[in-house]
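In the working numbering, the protein residues as written are 1 to 207.
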């Protein structure tokens, strides 16, 4: 499970902190948060936009239509609240550093688990090739070489497919976010389908 990044109410204050740099539209805010976490944490539109709406309702943030985009800015009241809670913001910044490290550890563990599964699959295929070679009289080293070559080729295809899909989806999602067309329904769909796909692939690797 991904560790919680912000404590209760902390993201609200951190959004004010981000907007103190300059006015931004929604996607820029999400990207700024992602950059601060080195890409290890990317908040969803469904997380950010409702909080921006609440900040606007409280008079701390204003918004201005700019074509198809909405630009968010701090109000004087928002700057005053940010200044009054500067000590709390320092604690949040320290917590963000801890969260980045936890997220990085989780990513490394996930990658390590995936690599372990792939190595186990290749080792099992190698054993099967050896057994089959002995049973059929085929040279063992030749059979193992073929399996390992096929394993590398399959891994390359899988990685290429993942990279291509990631690039395509990222481009489309960024374009939609920039135009304020990235709905919570779409984000939820992406999250659910990726979870489902990850579970299916892991299950297939363990069979």
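Just so you know, even glycine gets a beta-carbon here, dropped at the ideal spot from N, CA and C.
Just so it is clear, the structure is predicted and the values come from calculations on it, not from any experiment.
The continuous alpha helix (DSSP H) containing residue 186 extends over residues 184-206. Two segments are said to touch when three or more pairs of C-beta atoms, one from each, lie closer than 8 Å; by this definition the segment 39-53 does not touch the segment 81-90. In the DSSP assignment, residue 36 falls within the alpha helix (DSSP H) that extends over 26-36.
Between residue 92 and residue 25, the CB-CB gap reaches or exceeds 7 Å. Per the coordinates, the alpha-carbon of residue 198 lies some 38 Å from the alpha-carbon of residue 20. In the three-state scheme derived from DSSP, where H, G and I count as helix and E and B as strand, residue 66 is classed as strand. Cβ neighbours of residue 176 within its own chain (closer than 8 Å, five residues either side excluded): 182 and 186. When DSSP states are grouped into helix, strand and coil, residue 164 belongs to the helix group.
Taken atom to atom, the span from the alpha-carbon of residue 36 to that of residue 203 is near 34 Å. Boundaries of the alpha helix (DSSP H) harbouring residue 50: 45-57, taken from the DSSP string.
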